[in-house]
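A.B. asks: The opening position of the sequence shown corresponds to residue 3 in the working numbering, with each subsequent residue numbered one higher.
Backbone N, C-alpha and C define an ideal beta-carbon position, used for all residues, glycine too.
Let me give you the structure first, and then I'll get to my questions.
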Amino acid sequence: MSLISEPIGWSRSIAKSKSRVILFTAMHFAVLLLAIWLLFEKVSVQQPLSTLSFQDFLISSSLILFIGGFYPCLYLYAIYRLLEINKLTSDN
3 MSLISEPIGW
13 SRSIAKSKSR
23 VILFTAMHFA
33 VLLLAIWLLF
43 EKVSVQQPLS
53 TLSFQDFLIS
63 SSLILFIGGF
73 YPCLYLYAIY
83 RLLEINKLTS
93 DN
């Protein structure tokens, strides 16, 4: 099942319950933060940045966190809400 061939089935398989949405959101942020941490480690090895901490690096990459993290997670939550509304209206 793919997103292109069957979008509603894909949406139901991903956002079946609120716990799945929370699980996928947590996994997504974990992978994103791991990638940002690895990028920070690579940058700090190439150029010794003793004054730049990981927290400063996270603040400077806040646009990446929003576009790569919050936006897809809000999209996934919106899919979950739409499926719940669709289920309620189809039951009536």
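Should the segment 11-22 be called in touch with the segment 46-57, which here means at least 3 C-beta pairs below 8 Å?
C.D. replies: Counting Cβ pairs under 8 Å, fewer than three are found: no touch.
A.B. asks: Please confirm if residue 32 has its CB atom under 8 Å from at least one CB of chain B.
C.D. replies: The question asks about chain B, but that chain is absent: this structure has only one protein chain.
A.B. asks: Alpha carbon to alpha carbon, what distance is there between residue 17 and residue 25?
C.D. replies: In a straight line, the C-alpha of residue 25 is about 10 Å away from that of residue 17.
A.B. asks: Can you give me the C-alpha to C-alpha distance between residue 77 and residue 93, rounded to a whole angstrom?
C.D. replies: Roughly 24 Å between the two C-alpha positions.
A.B. asks: Whole angstroms is fine: what's the gap from residue 53's alpha carbon to residue 68's?
C.D. replies: Cα to Cα, the separation comes out at about 25 Å.
A.B. asks: Can you give me the C-alpha to C-alpha distance between residue 29 and residue 91, rounded to a whole angstrom?
C.D. replies: Each residue's alpha carbon lies about 31 Å from the other.
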